[in-house]
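Undergrad: Protein sequence lines correspond, in order, to chains S and X. Following UniProt numbering, the numbering of the first sequence begins with 1 at its first residue and continues without gaps. Following UniProt numbering, the numbering of the second sequence begins with 1 at its first residue and continues without gaps. Please see the structure below; I have some questions.
There are 2 protein chains.
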Amino acid sequence: MRGLTLPSTSLLIHHHQSYIATAFVSLRRHVTLQNVLRSGRSGSLSAPPPDRSNGALKIDVNPPKGTRDFPPEDMRLRNWLFQNFREVSQLYGFEEVDFPVLESEALYIRKAGEEIKDQLYCFEDRGNRRVALRPELTPSLARLVIQKGKSVPLPIKWFTIGQCWRYERMTRGRRREHYQWNMDTVGVPEITAEAELISAIVTFFKRIGITSSDVGFKISSRKVLQEVLRCYSVPENMFGKVCVAIDKLEKIPIDDIKEELRSAELSEEASEELLQVLSVKSLDKLEDKLGAAGEAVTDLKRLFSLAEEYGYSEWIQFDASVVRGLAYYTGIVFEGFDRGGKLRAICGGGRYDRLLSTFGGDDIPACGFGFGDAVIVELLKDKGLIPELTHQVENIVCSLDKDLQQAAAAVANILRGKGQSVDLVLEYKPLKWVFKRASRVNARRLILVGDAEWQKGMVGVKVLSSGEQFEVKIDELE
Amino acid sequence: MRGLTLPSTSLLIHHHQSYIATAFVSLRRHVTLQNVLRSGRSGSLSAPPPDRSNGALKIDVNPPKGTRDFPPEDMRLRNWLFQNFREVSQLYGFEEVDFPVLESEALYIRKAGEEIKDQLYCFEDRGNRRVALRPELTPSLARLVIQKGKSVPLPIKWFTIGQCWRYERMTRGRRREHYQWNMDTVGVPEITAEAELISAIVTFFKRIGITSSDVGFKISSRKVLQEVLRCYSVPENMFGKVCVAIDKLEKIPIDDIKEELRSAELSEEASEELLQVLSVKSLDKLEDKLGAAGEAVTDLKRLFSLAEEYGYSEWIQFDASVVRGLAYYTGIVFEGFDRGGKLRAICGGGRYDRLLSTFGGDDIPACGFGFGDAVIVELLKDKGLIPELTHQVENIVCSLDKDLQQAAAAVANILRGKGQSVDLVLEYKPLKWVFKRASRVNARRLILVGDAEWQKGMVGVKVLSSGEQFEVKIDELE
């Protein structure tokens, strides 16, 4: 969650295949019962500690390139984020689902074409099957919808929070995995479905302190693209190339895009015209160009009108240049962006009414979005909105005497039985150490088990915020 | 979570590599703007629907072999289970962490030796690195502990709930992935740490309705094994073979184990003696055999005495045959089992004081356990303890008029703003359909937006449990 700054470590040394072989040989050589007994342990099944005489420690203590560990502080942030994803989804009546992180490669290749295929984190498994770590969640959802068939009444409203992977050259701030929150509605052809999804994202933003001056949504429809190209008589066989070029708008210099359009055999004039239409940022102007009768304008007007009822008009704007990179969108597409202009898209989605038939199912109208865990955290940092999340326990319980360790365990047991969290001090430690520990775990109370009190069936309680101190009968501990 | 019964489907057909190539060719061939426009959509980046004329649909709608989808009903059970894991861990003052599901293969090969290596779900990635889907969580935890070094004060008390993978021949009831709950204490050499872990598992069992007549823990120490072998003068170089044989006790017929011991060059006598000692099920008898002075008996007595203070004595029993399959245990080992004798081990763990040095770190005493999500669900089913978990929303909101769809959205918005979950009916549907939907999503109330009421700024409310019906002002909706 904290970008790509890998922690430095003195143990970071690349692992060599050959070392493994060496380790095995040395494992076999060293495993004699005498060695084991001499060392005072029965760990003979373990490899021996690495031979430090050659000066090389071979394990890389960092997670694989482009992946993250989640130590407690990062895990708290992740849980906080996921909890907000979850609560918003449930507020909208969506049910949680999940799919395997490892899927058949065919699920992505069939649909996505070669550009995404290049970033697919794919393998051949030991049974020679082509598999991939999922790059996104929607194809799995479509697969499950087809599998469930008529057993699930429509509309389906499902959400997922799952890890997705891509294999690409590592550049600054790009990772190979991220978690994605998806919400999908299957079985609703009307634009109310898209309006509802955007409303959910807005609700999420508001909950975590993001406002419409921080973030907006660019909204278009693939139907605009279709009608625009029709208007400007772009040669049909160039449609694919034109789409690829358009998806790069605002990502690469305009001259490069023009170059790509030229190579797609667009005349200078056609290219200029096209770019002008794509730069349209108001629905009225779009209506001037396309007329009011087409589906593109009708759909978009309906969405903007619904947005008013929902009360999120100030979050959204029409932008004809939005195409989205995924192949399967057929109607409304949208993209959440930071108004500061510094970050990549925060989230994106749209309508995909034809995805199921590409998998062999009957088509059902559907729409959804993906919302990653990376860019939003960068935005929260920029805005100073990362919440302070600390580890907390209600009690730290410790014995004042070596012989009272068991009594302390009993006290911890009683408190836990009453639903109170307890960090039990598991060894005899000086009080100074215990206070330091209490402060580190943010304990509310310190429970001291001392001999004199214990004889009376009592323990000492110290409320750490106030310093208040008293004795209490063990069965009266609350 | 529901075992291996894969849903049957008429679409289950294996995917052939050659089909992908065909799909690509046909993709290119079909992408003309005319096709696209004629079909009324701009989805030209998608592969066309598969050609049904050859009678073959090529997508397998099941998840990959040995893996699971989690449709809503299974996800609810998974969330319930995980929530219990989480709450118990927090009750014991443990902090949540996580690691990548994909790790360097070296992390497992160095430690585990060839037997586990055979089940490793490993690959070569696109950068020719050997990687593996993690088979267990402890090596990642050890890696992170070394990486964090002195920045994290000891003791560390961490828990994880993560997916683990193994690649093995599929047999009945065996899957290739499962989720595992781990709790680990790092930095405590005393047996109090093990006692605390077992207490946590007992607390978990009690919460979900499992009693000590359903489940028990077999407890031993690897130090027993070490001392037993020493007593019976088993040749040192046979230690490994003997361990492998012992770990199979109660899993394969006793004659096969004797055969393995014979092949480990144990005399018939030594073998009989060994098996007798391993069949010892009481600490007193063990003390008769080994004497009271050794660490094995001392550690075990301490654990049983702590169990009394915690109040879980009736859950645990000494059993010298417990060795556990993982290589790195050095002291106490334990295994949760169903007293019905039908299921595999429910959970297992122990002390691993020497794991860190096998990764190049300084050793720190540690212990932990792993608790899978598969066997426990089988047990809960057997006992009729699977909770009834239904999808629920507080309100279903629907308009009685096509033109009032936007008003219904506004009403949903108001309710959600007050923290109430709403399933909004996104299309105009007959009331019969709406009632069916309301019952399926377990809505508590039905909110009807009708023209006459809307004019007065009101909506109709029907409490679905009682049938009570009334009108209420929109801003007074609670």
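Beta carbons are placed, not taken as given, at the ideal position from N, Cα and C, and that holds for glycine.
Would P71(S) and V186(X) qualify as a contact pair, given that the criterion is a beta-carbon distance under 8 angstroms?
TA: In the first sequence, the residue the question calls residue 71(S) occupies position 71. In the second sequence, the residue the question calls residue 186(X) occupies position 186. Result no, Cβ atoms of P71(S) and V186(X) do not sit closer than 8 angstroms.
Undergrad: Starting from I201(S), trace the beta strand (DSSP E) both ways and give me its first and last residue.
TA: What you label residue 201(S) is simply residue 201 of the first sequence in a count that begins at 1. First-last for I201(S): T192 to R207, but that is the alpha helix (DSSP H), not the beta strand (DSSP E).
Undergrad: Going along chain S in order, which residues have a C-beta closer than 7 angstroms to the C-beta of K148(X)?
TA: On the second sequence, position 148 is the one that residue 148(X) refers to. Going along chain S in sequence order, the residues near K148(X) (Cβ under 7 angstroms) are P71.
Undergrad: Is K383(X) helix, strand or coil by DSSP?
TA: Indexing the second sequence from 1 puts residue 383(X) at position 383. DSSP places K383(X) in coil when its eight states are reduced to three.
Undergrad: Can you find the residues in the same chain that come closer than 7 angstroms, C-beta to C-beta, to G325(S), ignoring five residues on each side of it along the sequence?
TA: Here residue 325(S) is taken as the residue at index 325 of the first sequence, counted from 1. Excluding sequence neighbours, G325(S) sits near D247.
Undergrad: Rounding to the nearest angstrom, what Cα-Cα distance links V397(X) and G331(S) in this structure?
TA: What you label residue 397(X) is simply residue 397 of the second sequence in a count that begins at 1. What you label residue 331(S) is simply residue 331 of the first sequence in a count that begins at 1. So the two alpha carbons sit approximately 26 angstroms from each other.
Undergrad: If the cut-off is 8 angstroms on Cβ atoms, which residues from the region 77-111 of chain S count as contacting chain X, listed in chain order?
TA: Listed in sequence order: R78, N79, Q90, L91, Y92, G93, E95, E96, V97, D98, F99, P100, V101, L102, E103, S104, A106, L107, I109, R110 and K111.
Undergrad: Starting from L283(X) and walking both ways along the alpha helix (DSSP H), at which residues does that stretch end?
TA: In the second sequence, the residue the question calls residue 283(X) occupies position 283. Looking at the DSSP string, the run of the alpha helix (DSSP H) that includes L283(X) is L283 to L290.
Undergrad: How about E103(X) and P64(S): are their beta carbons less than 8 angstroms apart?
TA: Here residue 103(X) is taken as the residue at index 103 of the second sequence, counted from 1. Here residue 64(S) is taken as the residue at index 64 of the first sequence, counted from 1. Result yes, Cβ atoms of E103(X) and P64(S) sit closer than 8 angstroms.
Undergrad: Quick one: give me the first and last residue of the alpha helix (DSSP H) that F454(S) is part of.
TA: Start at 1 with the first residue of the first sequence, and residue 454(S) comes out as number 454. The residue you asked about is not Phe; residue 454(S) is Trp in the sequence shown. That run of the alpha helix (DSSP H) goes D451 to Q455.
Undergrad: State buried or exposed for V463(X), treating a residue as buried only when at least 16 other CB atoms are found within 10 Å of its CB.
TA: Within the second sequence, numbered from 1, the residue matching residue 463(X) stands at position 463. By the neighbour-count rule (16 or more Cβ atoms within 10 Å), V463(X) is not buried but exposed.
Undergrad: State whether the region 417-426 of chain X contacts the region 382-402 of chain X, with contact taken as three or more CB pairs (one from each stretch) at a distance under 8 angstroms.
TA: Judged by Cβ distances under 8 angstroms, the region 417-426 of chain X makes contact with the region 382-402 of chain X, as three or more pairs qualify.
Undergrad: Give a yes or no on whether the C-beta atoms belonging to T358(S) and N442(S) are separated by under 8 angstroms.
TA: As a working note, residue 358(S) is residue 358 in the first sequence. As a working note, residue 442(S) is residue 442 in the first sequence. No, they are not a contact pair.
Undergrad: Taking 8 angstroms as the threshold, find out whether the region 251-260 of chain S comes into contact with the region 197-206 of chain S through three or more Cβ pairs.
TA: Flag = no, the region 251-260 of chain S and the region 197-206 of chain S do not touch.
Undergrad: Using the C-alpha atoms, what's the distance from F304(X) back to L107(X)?
TA: Taking the first residue of the second sequence as 1, we reach residue 107(X) at position 107. Taking the first residue of the second sequence as 1, we reach residue 304(X) at position 304. The alpha-carbon atoms of L107(X) and F304(X) are separated by roughly 34 angstroms.
Undergrad: Mark Q180(S) as exposed unless 16 or more other C-beta atoms lie within 10 angstroms of its C-beta, in which case mark it buried.
TA: Numbered from 1 along the first sequence, position 180 holds the residue referred to as residue 180(S). Label assigned to Q180(S): buried.
Undergrad: Taking contact to mean at least 3 C-beta pairs separated by less than 8 angstroms, is the region 378-390 of chain X in contact with the region 359-367 of chain X?
TA: No, they do not touch.
Undergrad: Is the region 288-307 of chain S close to the region 221-229 of chain S, with three or more CB pairs under 8 angstroms?
TA: Contact holds: three or more Cβ-Cβ distances are below 8 angstroms.
Undergrad: Report the start-end ranges of each beta strand (DSSP E) in the region 399-435 of chain X that is 3 residues or longer and not cut off at the edges.
TA: The qualifying runs are 422-424.
Undergrad: Quick one, which of R174(S), E468(S), S321(S) and I109(S) has its alpha-carbon nearest K218(S)'s?
TA: In the first sequence, residue 218(S) corresponds to position 218, counting from 1. Answer by Cα proximity: S321(S).
Undergrad: For E269(X), count the other beta carbons within 10 Å of its own beta carbon; 16 or more makes it buried, fewer makes it exposed. Which is it?
TA: Stepping through the second sequence from its first residue, residue 269(X) is reached at position 269. Answer is exposed; the Cβ neighbour count stays below 16.
Undergrad: Look at the alpha carbon of G336(S) and the alpha carbon of F82(S), and state the distance between them as a whole number of angstroms.
TA: As a working note, residue 336(S) is residue 336 in the first sequence. As a working note, residue 82(S) is residue 82 in the first sequence. So the alpha carbons of these two residues sit roughly 18 angstroms apart.
Undergrad: Count the other C-beta atoms from every protein chain shown that fall within 10 angstroms of the C-beta of S439(S), then say buried if there are 16 or more, exposed otherwise.
TA: As a first step, residue 439(S) is located in the first sequence; it is residue number 439 there, counting from the start. Flag for S439(S) reads exposed.
Undergrad: Just mark G341(X) as buried or exposed, buried being the case when its beta carbon has 16 or more other beta carbons within 10 Å.
TA: In the second sequence, the residue the question calls residue 341(X) occupies position 341. Counting Cβ neighbours within 10 Å, G341(X) comes out exposed, since fewer than 16 surround it.
Undergrad: Out of G457(S), L448(S), V242(S) and V280(S), which one is the CA nearest neighbour of L266(S)?
TA: Working through the first sequence from its first residue, we reach residue 266(S) at position 266. If we check each option's Cα against that of L266(S), V242(S) comes out closest.
Undergrad: Is DSSP giving I364(S) helix, strand or coil here?
TA: Along the first sequence, read from residue 1 onward, the residue named residue 364(S) stands at position 364. Here I364(S) sits in coil by DSSP.
Undergrad: Note down the Cα distance separating L415(S) from P139(S), rounded to an integer number of angstroms.
TA: For the purposes of this step, residue 415(S) is identified with residue 415 of the first sequence, where counting begins at 1. For the purposes of this step, residue 139(S) is identified with residue 139 of the first sequence, where counting begins at 1. When rounded, the distance between both Cα atoms is 48 angstroms.
Undergrad: Please decide whether E272(X) counts as near chain S, where near means a Cβ-Cβ distance under 8 angstroms.
TA: The sequence position of residue 272(X) within the second sequence is 272, counting from 1. Output row for E272(X): interface = no.
Undergrad: Measure the C-alpha to C-alpha separation of R129(X) and F123(X) and round it to an integer number of angstroms.
TA: Walking along the second sequence from the start, residue 129(X) turns up at place 129. Walking along the second sequence from the start, residue 123(X) turns up at place 123. Distance between the alpha carbons of R129(X) and F123(X): 8 angstroms.
Undergrad: For a test of your reading of the model: does the CB of T192(S) fall under 7 angstroms from any non-hydrogen atom of the ligand SAH? Yes or no.
TA: Of ligands this structure carries none, so the ligand SAH is not represented either.
Undergrad: Please go through the same chain and pick out, in chain order, the residues whose beta-carbon is closer than 6 angstroms to the beta-carbon of residue 479(X), but skip the five residues on each side of it.
TA: Residue 479(X) is absent from the structure shown; chain X starts at 1 and stops at 478.
Undergrad: Over the uninterrupted beta strand (DSSP E) stretch that includes E335(X), give me the two end residues.
TA: Working through the second sequence from its first residue, we reach residue 335(X) at position 335. E335(X) -> beta strand (DSSP E) spans I332 to D338.
Undergrad: Pull up the CB-CB distance for residue 495(S) and F85(S), whole angstroms please, since I reckon it's below 8 angstroms.
TA: Not covered by the structure: residue 495(S). The range shown for chain S is 1 to 478.
Undergrad: Given a cut-off of 8 angstroms, decide if V461(X) and F470(X) are closer than it, judged by their beta-carbon atoms.
TA: Numbered from its first residue, the second sequence carries residue 470(X) at position 470. Numbered from its first residue, the second sequence carries residue 461(X) at position 461. Against a cut-off of 8 angstroms, the Cβ pair of V461(X) and F470(X) comes out as a contact.
Undergrad: Measuring alpha carbon to alpha carbon, tell me which residue in A374(X), E453(X) and I474(X) is nearest D74(X).
TA: Your numbering for residue 74(X) matches position 74 in the second sequence. When each option's Cα is compared against that of D74(X), the closest is A374(X).
Undergrad: Please classify Q455(X): is it buried, with 16 or more other beta-carbons within 10 angstroms of its beta-carbon, or exposed?
TA: Working through the second sequence from its first residue, we reach residue 455(X) at position 455. It is exposed - the Cβ of Q455(X) has fewer than 16 other Cβ atoms within 10 Å.
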